[in-house]
Amino acid sequence: EGKMNKDAQMRATINQKLIETGERERLKELLRAKLIECGWKDQLKAHCKDVIKEKGLEHVTVDDLVAEITPKGRALVPDSIKKELLWRIRTFLAQHASL
Numbered sequence: 003e004g005k006m007n008k009d010a011q012m013r014a015t016i017n018q019k020l021i022e023t024g025e026r027e028r029l030k031e032l033l034r035a036k037l038i039e040c041g042w043k044d045q046l047k048a049h050c051k052d053v054i055k056e057k058g059l060e061h062v063t064v065d066d067l068v069a070e071i072t073p074k075g076r077a078l079v080p081d082s083i084k085k086e087l088l089w090r091i092r093t094f095l096a097q098h099a100s101l
């Protein structure tokens with residue numbers, strides 16, 4: 003129980019630092035650019051169209067789409083991009099080691 007709180011606290015502190023320094027925005031921009039570059043966005047768009055075709059436009063809700071697309075979207079993010087983001091966050095933390 004105590005560890006969970008400590009982890010959550012640590013995450014919150016890191017998040018706060020990322021936001022304060024503007025690093026979070028930079029990481030988001032980087033992620034967005036990389037995902038477009040590798041065709042991730044197009045793959046998801048195609049998946050959306052498939053879901054809509056399958057269920058019929060009048061029966062699909064936004065919630066349906068989100069439920070279908072979120073796991074798919076996560077699964078489609080290339081490992082190289084995940085690794086790069088992780089590396090950047092680690093580097094950032096090493097530079098702000100006073101956390």
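Here the sequence shown stands for residues 3 to 101, where the numbers follow this note's numbering. C-beta: ideal position from N, C-alpha, C; glycine also.
| Query | Result |
| --- | --- |
| How big is the Cα-Cα spacing for GLU31 and LYS5? | 32 Å |
| Alpha carbon to alpha carbon, how far is ASP52 from LEU33? | 25 Å |
| How many Å lie between ARG26 and GLY58 at the Cα? | 38 Å |
| Does LEU37 pass the burial test, meaning 16 or more other C-beta atoms within 10 Å, or should it be called exposed? | buried |
| Report yes or no: do the segment 5 to 20 and the segment 67 to 74 share at least 3 C-beta pairs separated by less than 8 Å? | no |
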